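Residue numbers (this note's numbering): 4 to 386. Beta carbons are placed, not taken as given, at the ideal position from N, Cα and C, and that holds for glycine. All values reported here derive from a predicted model rather than from experimental measurement. For reference, the structure discussed in these notes is given below.
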């Protein structure tokens, strides 16, 4: 049996997306910037995807800028907005952000802004009271993710926006929604954030496609230049296949799949905890408010994560030791470190991430094999 539980890294294109791309290869390859009828039809379909994305995020009436993925969308949101700011100020970035956001900090400082890290608690979530103490009239931008890509911890966005409104009403809020889009509820307009990024290949679309939702009155300047596509905010010929595939992925997402994934995630967690007495979950207590339905990060000491990962791979089970963007670069996850997880526990942690098609028998198989490998491997760990 082959079981893929690394959906936070990437997802398999859905059947609807695969069918749409096949059709587009034959009839949808025109450049949407051209003026003849087939090209204009493609532009019309692209604009339809904008509306689909806005409706899915509760952002009717706002704008969508298509990008090459979540990283570019985050960069555009942060750097593009700060380019529009005349006076220097302070930028707050949560300490558990994806590198698409956290790696912008150095460039932000080069632009003349201060940066401060918002600490996360042991559950991987920001404490609104701590954020409130950090906010002042100098704050111009706050960046927090909707769902952490390693632990599944969901940030208290509503509380964060209320505190911003009270303490620093002039500050913009950007949310990296790459792991939360479609999986967690979002009402962009009611929430009061300024921008929101997501990615196609995390929701069974294609790699190389993402988007930034931004309020119409939110100032953003381009960070790349060219032909002026996407309202002069993201130049370059539109990725027609990727954008239209993104529309298929969004419109075909079944909201009921989220409850099903949560049940299966809890089944996996309980199955591992029952079999491995030393196992410990990295992240918040389970609830629809505090964590995502599809991500489980769990330590299984004394077996190191790489050892368990390769043992599971031998059984046809594919999981991750953390963020795919950093897994070959860093020994210990900076997210777990920021949460105060011990080096030993972090070094024994794996991330399991589900998708709507994950089956119950796959979950039971993974729990059984993890328990069996732990029983054998615990005898050979280094002291």
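Partner residues in the beta bridge of residue 202, as assigned by DSSP, are 213. Contact check for residue 76 against residue 213 passes: the beta carbons are separated by less than 7 angstroms. Residue 294 has 156 as its beta-bridge partners, per DSSP. Assignment of residue 8 by DSSP, reduced to helix, strand and coil, places it in the coil class. Under DSSP, residue 148 takes part in a beta bridge, and its partners are 179.
Burial of residue 179 is indicated by the presence of at least 16 other C-beta atoms within 10 angstroms of its C-beta. In this structure, the straight-line span from the alpha carbon of residue 94 to that of residue 199 is close to 17 angstroms. Annotation: the continuous beta strand (DSSP E) that includes residue 93 extends over 93-97.
When DSSP states are grouped into helix, strand and coil, residue 26 belongs to the helix group. With 16 or more other Cβ atoms from the protein chains shown falling within 10 Å of its own Cβ, residue 100 counts as buried. In summary, residue 268 is buried, with 16 or more beta-carbon neighbours lying within 10 Å of its beta-carbon over all protein chains present. Taken through DSSP and simplified to helix, strand or coil, residue 192 comes out as helix. Per the C-alpha coordinates, the member of 121, 176, 124 and 102 positioned closest to residue 80 is 176. By the Cβ neighbour-count rule, residue 377 is buried, with 16 or more other Cβ atoms within 10 Å of its own. Here the alpha carbon of residue 97 sits roughly 42 angstroms from the alpha carbon of residue 37. Closest in C-alpha terms to residue 373, from the list 282, 215 and 18, comes 282. Looking at the backbone, the Cα of residue 139 and that of residue 188 are separated by about 29 angstroms. Among the bridge pairs identified by DSSP, residue 347 is matched with none.
Excluding its 5 nearest sequence neighbours in each direction, residue 254 has C-beta neighbours in its own chain below 6 angstroms: 55, listed in chain order. With 16 or more neighbouring CB atoms inside 10 Å of its own CB, residue 233 falls in the buried class. Using a C-beta cut-off of 8 angstroms, the stretch 52-66 makes no contact with the stretch 84-92, since fewer than three inter-stretch Cβ pairs fall below that distance.
When Cβ pairs closer than 8 angstroms are counted between the two stretches, the stretch 242-260 is seen to touch the stretch 8-19, the count reaching three or more. Here residue 258 is exposed, its C-beta having fewer than 16 other C-beta atoms within 10 Å.
For residue 312, the CB contacts under 8 angstroms within the same chain, skipping 5 residues up- and downstream, are 322, 323, 324 and 353 in chain order.
Here the stretch 151-166 makes contact with the stretch 287-305; the two share three or more CB pairs at distances below 8 angstroms. Note: residue 354 is bridge-paired with 300 and 323 in the DSSP secondary-structure output. By the Cβ-count criterion, residue 304 is buried, with 16 or more other Cβ atoms from all chains shown falling within 10 Å of its own Cβ.
Per DSSP, the continuous alpha helix (DSSP H) segment holding residue 263 begins and ends at 259-278. Taking 7 angstroms as the cut-off, the beta carbon of residue 150 is found closer than this to the beta carbon of residue 183. The C-alpha of residue 144 is placed about 18 angstroms away from the C-alpha of residue 74.
In the DSSP assignment, residue 120 forms a beta bridge with 96. Taking 7 angstroms as the cut-off, the beta carbon of residue 298 is found closer than this to the beta carbon of residue 11.
Sequence-distant partners of residue 346 (beyond 5 residues in either direction) whose C-beta falls short of 7 angstroms from its own C-beta, in its chain, are 335.
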